[in-house]
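Enquirer: In this text, residue positions in the sequence shown follow the working numbering: the first is 3, and each later residue adds one. We treat Cβ as the ideally placed atom computed from N, Cα and C, and that holds for glycine. Pasting a structure here, questions to come.
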Amino acid sequence: MKQSSAKLRAARAQRMPLRGKQKMILRSRRYLNLEMPVRLLDTWLTPVELFYVRNHLTQPRVNLPEWRLRVSGEVNPFELTFADLEKLPQATVTNTLECAGNGRTFYRPRVRGTEWTRGAVGTATFTGPRLADVLHRAGVKAGGKHVAFDGLDEPSRKVPDFIRSIPIEKAMHPDTLLATMMNGAPLTPEHGFPVRALVPGWIGAASVKWLAEVRVLDRELDGHFMKAYRLPKRPVAPGEPVSPEEMAAMTALDVKSIIARPGDGSRWKLGPLHITGAAWAGEADIVRVDVSTDFGRTWQPADLRREQAKYAWRLWDFTWTPPATGCYVLLSRATDSSGRRQPLLPSWNPGGYFWNVIDQVRIHVVKA
């Protein structure tokens with residue numbers, strides 16, 4: 003049976019390249035979700051055209067002259083124009099931003115949600131005024147405990163408004179920004195133009211895009227997307243139901259590494275092989291990355307590259323010469339400054355979040 007013209011148009015739209023993002027993996031077009039192919043990860047700062055995109059709702063169109071940022075709640079409320087934000091002292095933070103669901107496709111049993119593999123992550127410099135400066139001007143009242151971010155993306159009949167809150171302590175941290183620039187240029191529409199929150203070291207969902215309101219609350223926000231991004235407070239068996247009371251809001255990223263090259267399933271001629279990747283740990287620092295070429299029986303330290311900053315990933319290199327032709331599994335394992343190390347087995351959760359199992363790729367070595 004022939005597809006309807008509407009279905010054909012939809013299928014064609016799914017294949018159409020997106021301007022400036024042609025190299026990305028399209029996970030969803032209706033609510034734009036784009037993943038970076040990890041084979042393209044070869045620079046400390048991710049180019050904007052390769053930086054992943056996670057939209058929960060339809061991307062808004064913003065008329066900058068009419069745009070205002072409302073500051074409300076447990077404060078003396080007021081509004082800011084974009085020009086007002088530009089007059090405030092500016093700060094720059096280098097941050098690795100990762101979707102909490104990065105790696106979801108690897109969980110078993112499978113869970114619902116965007117089927118990210120390993121590329122819903124990127125590192126960039128973000129510039130803008132400190133959120134604390136705006137909150138100090140607003141005069142946070144004694145009851146102010148959380149700060150909620152609301153963007154201009156509008157709820158649909160099926161998806162409620164995307165609003166997230168963070169504790170006042172994180173909001174007041176000097177590295178938490180109202181970012182207007184990314185890698186030295188104005189934010190693009192996909193990345194939150196004109197202003198997004200930048201909550202460094204935390205899950206990407208905390209850094210709400212297209213900001214329209216910053217609201218100070220007397221408690222953690224009780225909303226759909228606060229309930230969605232939560233983890234069990236205790237270990238749970240795969241597929242085990244978990245009550246809301248047993249869940250806690252997700253905050254800082256876990257320790258993780260990925261192998262960028264060689265790619266999974268690739269073929270290489272016998273000889274020295276250059277293995278590269280990245281490792282990050284949210285608010286902690288990466289102190290080492292180890293690589294195994296013998297199914298984890300032995301591990302050797304990789305070389306960490308020089309570029310580093312708080313909240314940012316470390317790129318790493320490892321050179322290995324296979325002893326013979328055949329199939330090999332390469333493993334990478336990161337350790338951070340708080341003593342966390344990537345696990346061999348996953349800790350299952352119903353949202354498919356925080357996949358950080360030891361990374362692996364399978365390669366085939368053939369005669370030179």
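#1: Taking only three categories from DSSP, how would you classify M379?
#2: State the beta-bridge partners of M183 as determined by DSSP.
#3: What does the alpha-carbon distance come out to for the pair A187 and K89?
#4: Between P234 and the rest of its own chain, which residues show a CB-CB distance below 7 angstroms, the 5 nearest in sequence each way excluded?
#5: What residue range does the alpha helix (DSSP H) around K229 cover?
#6: Could you pull out every residue in the same chain whose Cβ sits closer than 8 angstroms to the Cβ of V289, ignoring the five residues on either side in sequence?
#7: For the candidate residues P176, R106 and L213, whose alpha-carbon lies nearest to that of F84?
#8: Using CA coordinates, which residue listed in K23, K160 and H58 is at the minimum distance from L42?
#9: Go ahead and label V368 buried or exposed: buried means 16 or more other beta carbons lie within 10 angstroms of its beta carbon, across all protein chains shown.
#10: Pairing CB atoms from the region 58-68 with CB atoms from the region 135-147, are three or more of them under 8 angstroms?
#11: Starting from the N-terminal side, write out each stretch of the beta strand (DSSP E) that is 3 residues or longer and does not extend beyond the region 195-261.
#12: If we require 3 or more residues per run, which beta strand (DSSP E) segments fall completely within the region 44-113?
#13: Helix, strand or coil: which one does DSSP assign to V142?
#14: Pick out whichever of M252, W357, L317 and I365 has its Cα sitting closest to the Cα of F297.
#15: Considering only C-alpha positions, which residue in the set T300, A102 and A199 is nearest to L332?
#16: For A370, collect the residues of the same chain with a Cβ closer than 8 angstroms to its Cβ; drop the 5 residues on either side in sequence, then sort them by chain order.
#17: So which of R316, P348, P324 and T182 has the shortest CA-CA distance to R269?
#18: Is there at least one Cβ from chain D nearer than 8 angstroms to H276's Cβ?
#19: Thinking G353 and G115 are a contact (beta carbons under 8 angstroms), I'd like their distance in whole angstroms, please.
#20: Taking the alpha carbon of P176 as the point to measure from, which residue in K160, P157, F164 and L133 has its own alpha carbon closest?
Expert: Reading from the atomic positions:
#1: A query on residue 379 cannot be resolved here, the shown segment of the chain reaching from 3 to 370 and no further.
#2: T129 and P188
#3: 17 angstroms
#4: Annotation for P234: V244, E248, M249 and N351 place their beta carbon closer than 7 angstroms to its own, counting only its chain and skipping 5 residues before and after.
#5: H226 to A230
#6: T337, D338 and S339
#7: L213
#8: The candidate whose alpha carbon is nearest that of L42 is K23.
#9: exposed
#10: Contact check between the region 58-68 and the region 135-147: fewer than three CB pairs, one atom from each, fall below 8 angstroms, which does not count as touching.
#11: 198-200, 213-219, 232-234 and 249-251
#12: 71-75, 80-82 and 92-100
#13: coil
#14: The shortest C-alpha separation from F297 is found at I365.
#15: Here the closest residue by C-alpha is T300.
#16: K271, L272 and G273
#17: Answer by Cα proximity: P324.
#18: Looking at the structure shown, chain D is missing, and only one protein chain is on hand.
#19: 7 angstroms between Cβ atoms; contact.
#20: L133
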